[in-house]
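J.:
Protein chains: 2
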Amino acid sequence: MAAGSGKSNGEDSGTDTSVPQVEVRTLADLARVAGVSAGTVSRALAGKSLVNTETRERIQALARQYGFRPNQMASKLRSRRTGVIGVVIPLGHEKRQSISDPFFLTLLGQLADQLTESGYDLMLSRAIPDGTTDWLERITGSGMVDGVLVIGQSDQSEIIDRVAAHYRPLVVWGNHREGQVHCVVGTDNEHGGRLSAEHLIASGARRLAFLGDTTGIEIAMRRRGAAAAAQDAGLPLTHIPVALANAEMGPQIKAALAMPDLDYDGIVCASDLIAMSALRVLYETGRAVPDDTQIVGFDDLPLAAQTMPPLTTIRQEIGDGARVMVEKLKSRIEGEDTSSLAMAPTLIVRRTTLR
Amino acid sequence: MAAGSGKSNGEDSGTDTSVPQVEVRTLADLARVAGVSAGTVSRALAGKSLVNTETRERIQALARQYGFRPNQMASKLRSRRTGVIGVVIPLGHEKRQSISDPFFLTLLGQLADQLTESGYDLMLSRAIPDGTTDWLERITGSGMVDGVLVIGQSDQSEIIDRVAAHYRPLVVWGNHREGQVHCVVGTDNEHGGRLSAEHLIASGARRLAFLGDTTGIEIAMRRRGAAAAAQDAGLPLTHIPVALANAEMGPQIKAALAMPDLDYDGIVCASDLIAMSALRVLYETGRAVPDDTQIVGFDDLPLAAQTMPPLTTIRQEIGDGARVMVEKLKSRIEGEDTSSLAMAPTLIVRRTTLR
DNA sequence: CCGCTTCGTACAATCGATTGAATTTCGTTG
DNA sequence: CAACGAAATTCAATCGATTGTACGAAGCGG
Chain A
1 MAAGSGKSNG EDSGTDTSVP QVEVRTLADL ARVAGVSAGT VSRALAGKSL
51 VNTETRERIQ ALARQYGFRP NQMASKLRSR RTGVIGVVIP LGHEKRQSIS
101 DPFFLTLLGQ LADQLTESGY DLMLSRAIPD GTTDWLERIT GSGMVDGVLV
151 IGQSDQSEII DRVAAHYRPL VVWGNHREGQ VHCVVGTDNE HGGRLSAEHL
201 IASGARRLAF LGDTTGIEIA MRRRGAAAAA QDAGLPLTHI PVALANAEMG
251 PQIKAALAMP DLDYDGIVCA SDLIAMSALR VLYETGRAVP DDTQIVGFDD
301 LPLAAQTMPP LTTIRQEIGD GARVMVEKLK SRIEGEDTSS LAMAPTLIVR
351 RTTLR
Chain B
1 MAAGSGKSNG EDSGTDTSVP QVEVRTLADL ARVAGVSAGT VSRALAGKSL
51 VNTETRERIQ ALARQYGFRP NQMASKLRSR RTGVIGVVIP LGHEKRQSIS
101 DPFFLTLLGQ LADQLTESGY DLMLSRAIPD GTTDWLERIT GSGMVDGVLV
151 IGQSDQSEII DRVAAHYRPL VVWGNHREGQ VHCVVGTDNE HGGRLSAEHL
201 IASGARRLAF LGDTTGIEIA MRRRGAAAAA QDAGLPLTHI PVALANAEMG
251 PQIKAALAMP DLDYDGIVCA SDLIAMSALR VLYETGRAVP DDTQIVGFDD
301 LPLAAQTMPP LTTIRQEIGD GARVMVEKLK SRIEGEDTSS LAMAPTLIVR
351 RTTLR
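For the record, the sequence lines run as chains A and B.
Numbering of the first sequence is given in UniProt numbering, commencing with residue 1 and proceeding in unit increments.
Numbering of the second sequence is given in UniProt numbering, commencing with residue 1 and proceeding in unit increments.
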């Protein structure tokens, strides 16, 4: 600031990078400096062809020199396009907690990449599980975003559906369900659960357990798949609900697996995180993996290959998922309609199972 | 649309939840419906006292009924306050890749919580390491955010400093450095490194190695601390640079630790992730932890307690860090000045060291 | 019953960029 | 040389909410 105060440092005057005396904050300011009108400056910076090439370059140079950036709010207001995508993580049935599931965080990272690639900014919101039903509307209706991605349906499926009925640019990561309105991208969880149980059975397990809370539909479907496979083989599958990704998970698993009347030799885990915790508990209680008890995880997080022994698991293609979500969202923003997609999961055999 | 066309569905008229015939998108629309002026509606929705209580409640009820939400862009433009905080993760020297470091992701989650708590939205950007130097200006100067948080300085310290010189509401997670302009919150990495090495030495290690790339200042400081401790004890410390958090990390560690002429019995790891990978490599190569080789991690991720054996590590208080960052940022937005803060890390002794 | 304050509301300017329409400039051509 | 058309630029309306000011209606004491 200080109005320039006539600094006469030789370098500057020589190299033509004269320090700006006037502050240029608005298009109008820059227009004044350039000796043209605001409209022309706007078009010049947008690179439109209606303005003379020479003028355009001059104006762009000036903008750079003065470090001018057009005010996004004004721009977005006028052009009715924000260039922002809202990404929401509904914490749903989980108690007040922070976003901690590494799978979701990884997906978030991938989405950030994809959106950046497509020229969008990403606005992150957690949805607070306070029983309010307008957490999604607050975002879709804010006029702040061109579209919304929801990471995980949890148990909020009806709410999402209700919003989707009148808000088109919405894509959800999760599990497709019969008669569902909103566009869902996700893994075929039921199939994944089936793969998991089938592999355990093929590897010799006879008494199966499913580890994980099934309030969220995704997990419920994994269990259903596992249960179906067990039934097909005429084997039992015990359900042990434990928290998915918070501090209680560890102790819960410990307590659950130590139950004396519980008998199992194969565990289908709702996530890799749970599997890792289970692995550790089993080790502590002296049960050998995979010899005494076999385990299959779900997700194939990068960490899954690092456990000891490395985790046999069901792989979800996070990168592909993020790519598809963003693609579909872009289509929907364009007004097209898109169908849901359930991607096939794959079994990754490592060392927590016998085959 | 369609001008209402006199739909006379009986249910609606009965239950008083009359479906709106006219679309209410703007303040002016709602004002028309309520029979008042737009200004009054604005004040009513903002809960200002200047408007009659009865009128206010009537208008709020109408707004709810018509599902009206004021356009944020217009609001933000006018009030010159966006209610949005930009959060940037500079990928810095790391090659083109996605945000994957679990420590940063966890910090991000905590920041999301804190910001939501304070009524801010969070706009996420990755900074692309394309050698451009204006990645930060693009965000600070966009008029889209009231302030910016940077997660990790990496090797972009000078750029951040340059921006901080004229952009006040900026707080960075990282390592404070002499003569640095910008406000940094972080762990005392040097002290952490020292704690780590000292503990190894006290536990009997005599040939130390430091595992991790030191391009980023944070890691460099951890190494410096470790090196100082080693020197104090008259012991050597070999530096083995490996990637911090990408696909190459695993193989690199494997290759590094297998080097025949490399001799070590204590490893200071730059992060828990590296430590976990190292743990696995050592196991595969038949070296017992902690008996043959001791390891100390850094971060104390939730996973650190789950490894086998559980990881001795240096704890960073992520939650506190996030809280402090947001607090300081709010102060800076208010125009106050804030000083940097280096939080003391603590040693968490588990089972990868002998004591 | 009048002038005064208090309260509630309406009016209009404003935030800053965008964009369709109007206008100016300039080179061509009949 | 006038008339025309294309190119470049200016003008002015617009996006939708906010807010200072002005205005009108009650309420009050004297």
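Positions of the beta carbon are idealized from the N, C-alpha and C atoms, including for glycine.
1. Find the residues of chain B that neighbour LYS76(A), judging by a C-beta separation of less than 7 Å, and give them in chain order.
2. Could you please give the first and the last residue of the uninterrupted alpha helix (DSSP H) stretch that includes GLY39(A)?
3. Using C-beta distances below 7 Å, list every residue in its chain close to MET221(B), excluding the 5 sequence neighbours before and after it, in chain order.
4. Just to confirm before moving on: does the CB-CB distance between ARG207(A) and PRO236(A) stay below 8 Å?
5. Buried or exposed, going by whether 16 or more other CB atoms sit within 10 Å of the CB of GLN231(B)?
6. Give the single residue among ILE160(B), GLY83(B), LYS254(B), CYS183(B) whose Cα lies nearest to the Cα of ARG287(B).
7. State yes or no: is the beta carbon of MET325(B) nearer than 8 Å to at least one beta carbon in chain A?
8. With a 10 Å radius around its C-beta and 16 neighbouring C-beta atoms as the bar for buried, classify PRO260(B) as buried or exposed.
9. Using 8 Å as the cut-off, can you tell me whether the segment 316 to 333 of chain A makes contact with the segment 35 to 44 of chain B, which would need three or more C-beta pairs spanning the two stretches below that distance?
10. Relative to the C-alpha of ASP213(B), which candidate in LEU257(B), VAL51(B), ALA270(B), ASP161(B) has its C-alpha closest?
11. For GLY335(B) and chain A, any beta-carbon pair shorter than 8 Å?
12. Checking contacts by CB at 8 Å: is ARG350(A) closer than that to chain B?
13. Roughly how many angstroms separate the alpha carbons of LEU62(A) and LEU30(A), rounded to a whole number?
14. Between the segment 296 to 311 of chain B and chain A, which residues of the former have a C-beta closer than 9 Å to a C-beta of the latter?
15. Determine the chain A residues that contact THR285(B) at a beta-carbon separation under 7 Å, and present them in chain order.
16. Could you name each continuous alpha helix (DSSP H) segment of 4 residues or more that falls completely within the segment 105 to 178 of chain A, going from the start of the chain to the end?
17. Just grab the DSSP bridge partners of ASP292(A) for me.
18. Can you pull the chain A neighbours of SER277(B), defined as C-beta to C-beta under 7 Å?
19. Take the Cβ of LYS76(A) as the centre, count every other Cβ of all protein chains shown within 10 Å, and call the residue buried at 16 or more, exposed below.
20. Compile a chain-ordered list of the residues in the segment 132 to 166 of chain A whose CB is closer than 8 Å to at least one CB of chain B.
21. Can you list, in chain order, the residues of its chain with a C-beta nearer than 6 Å to that of HIS239(A)? Leave out the 5 residues immediately preceding and following it.
22. Nearest to SER157(B) by alpha carbon, out of ARG177(B), GLY147(B), ASN246(B)?
23. Going by other Cβ atoms of all chains shown within 10 Å of its Cβ, with 16 needed for buried, is residue 364(A) buried or exposed?
24. Rounded to whole angstroms, what's the CA-CA distance from VAL185(A) to VAL324(A)? Just pull it up for me.
25. Applying the criterion that 16 or more other CB atoms from any shown protein chain within 10 Å of the CB defines a buried residue, is GLU198(A) buried or exposed?
26. Among PRO310(B), THR293(B), ALA258(B), which residue has its Cα nearest to the Cα of TYR283(A)?
27. Would you check if there are 3 or more beta carbon pairs closer than 8 Å linking the segment 148 to 163 of chain A to the segment 130 to 137 of chain A?
28. Please decide whether SER125(A) counts as near chain B, where near means a Cβ-Cβ distance under 8 Å.
29. What three-state label does DSSP hand LEU208(A) in the structure shown?
30. Please check if any C-beta of chain B sits within less than 8 Å of the C-beta of LEU280(A).
31. At a CB-CB cut-off below 9 Å, which residues of chain A make contact with THR26(B)?
32. Would you please state the rounded distance, in angstroms, between the beta carbons of THR313(A) and ILE348(A)? I believe it to be under 8 Å.
33. Along chain A, in chain order, which residues have C-beta atoms closer than 9 Å to that of ASP291(B)?
34. Quick check: what's the CA-CA separation for ILE217(A) versus GLY109(A)?
35. Could you name each continuous alpha helix (DSSP H) segment of 4 residues or more that falls completely within the segment 257 to 292 of chain B, going from the start of the chain to the end?
36. Going straight from the alpha carbon of ALA2(B) to that of THR106(B), what length do you get?
T.: This is what the structure holds:
1. Along the first sequence, read from residue 1 onward, the residue named residue 76(A) stands at position 76. Here the neighbours are MET73.
2. If you number the first sequence from 1, residue 39(A) lands on position 39. Start and end: 38 to 45.
3. Position 221 of the second sequence, counting from 1, holds the residue named residue 221(B). The residues are ASN175, ASN189, GLU190, GLY193.
4. For the purposes of this step, residue 207(A) is taken as residue 207 along the first sequence, with counting starting at 1. For the purposes of this step, residue 236(A) is taken as residue 236 along the first sequence, with counting starting at 1. Contact: yes.
5. Residue 231(B) sits at position 231 when you count from the first residue of the second sequence. Exposed.
6. Stepping through the second sequence from its first residue, residue 287(B) is reached at position 287. That would be LYS254(B), whose Cα lies nearest to the Cα of ARG287(B).
7. Along the second sequence, one-based indexing puts residue 325(B) at 325. Judged by the 8 Å Cβ criterion, MET325(B) is not in contact with chain A.
8. Locating residue 260(B) in the second sequence gives position 260, counting from the first residue. It is exposed - the Cβ of PRO260(B) has fewer than 16 other Cβ atoms within 10 Å.
9. no
10. For the purposes of this step, residue 213(B) is identified with residue 213 of the second sequence, where counting begins at 1. Looking at the Cα atoms, ALA270(B) is the closest of the given residues.
11. Locating residue 335(B) in the second sequence gives position 335, where the first residue counts as 1. Closer than 8 Å: no.
12. Position 350 of the first sequence, counted from the start, is the residue given in the question as residue 350(A). So, not an interface residue.
13. Within the first sequence, residue 62(A) is the residue found at index 62, counting from 1. Within the first sequence, residue 30(A) is the residue found at index 30, counting from 1. Approximately 8 Å, taken between the alpha carbons.
14. PRO302, LEU303, ALA305, GLN306, THR307, MET308, PRO310
15. Locating residue 285(B) in the second sequence gives position 285, where the first residue counts as 1. Chain A residues near THR285(B): none, gap ~13 Å exceeds 7 Å.
16. 137 to 140, 157 to 164
17. Along the first sequence, one-based indexing puts residue 292(A) at 292. Under DSSP, no beta-bridge partner is assigned to ASP292(A).
18. Sequence index remark: in the second sequence, residue 277(B) carries index 277 (1-based). Residues of chain A passing the Cβ test: GLN306.
19. If you number the first sequence from 1, residue 76(A) lands on position 76. Answer is buried; the Cβ neighbour count reaches 16.
20. GLU137, ARG138, GLY141, SER142, GLY143, MET144
21. Locating residue 239(A) in the first sequence gives position 239, counting from the first residue. Within the same chain, HIS239(A) has close Cβ partners PHE210.
22. Looking up residue 157(B) in the second sequence gives position 157. Taking each of ARG177(B), GLY147(B), ASN246(B) in turn and checking the Cα distance to SER157(B), the smallest one comes out for ARG177(B).
23. No answer is possible for residue 364(A): it lies beyond the span of chain A, which begins at 1 and ends at 355.
24. To locate residue 185(A), count along the first sequence from 1; it is residue 185. To locate residue 324(A), count along the first sequence from 1; it is residue 324. Distance between the alpha carbons of VAL185(A) and VAL324(A): 7 Å.
25. Start at 1 with the first residue of the first sequence, and residue 198(A) comes out as number 198. Taking all protein chains shown into account, GLU198(A) has 16 or more neighbouring C-beta atoms within 10 Å of its C-beta and is therefore buried.
26. Stepping through the first sequence from its first residue, residue 283(A) is reached at position 283. Closest option to TYR283(A), Cα to Cα, is PRO310(B).
27. Yes: at least three Cβ pairs fall under 8 Å.
28. The sequence position of residue 125(A) within the first sequence is 125, counting from 1. Yes, SER125(A) counts as interfacial toward chain B.
29. In the first sequence, the residue the question calls residue 208(A) occupies position 208. Here LEU208(A) sits in strand by DSSP.
30. To locate residue 280(A), count along the first sequence from 1; it is residue 280. In the sequence as presented, Leu is not what sits at residue 280(A); that position holds Arg. Any Cβ of chain B closer than 8 Å to the Cβ of ARG280(A) would place that residue at the interface, and such an atom is present.
31. Your numbering for residue 26(B) matches position 26 in the second sequence. Within 9 Å Cβ-Cβ: nothing; THR26(B) doesn't reach chain A, min ~10 Å.
32. For the purposes of this step, residue 313(A) is taken as residue 313 along the first sequence, with counting starting at 1. For the purposes of this step, residue 348(A) is taken as residue 348 along the first sequence, with counting starting at 1. That pair is a contact at about 5 Å.
33. Taking the first residue of the second sequence as position 1, residue 291(B) is located at position 291. Simply none; closest approach about 16 Å.
34. Locating residue 217(A) in the first sequence gives position 217, counting from the first residue. Locating residue 109(A) in the first sequence gives position 109, counting from the first residue. Distance between the alpha carbons of ILE217(A) and GLY109(A): 23 Å.
35. 272 to 284
36. Taking the second sequence and counting its residues from 1, one reaches residue 2(B) at position 2. Taking the second sequence and counting its residues from 1, one reaches residue 106(B) at position 106. With a pLDDT of 37 at ALA2(B), under the threshold of 50, the modelled position of that residue is not reliable, and no figure is offered here.
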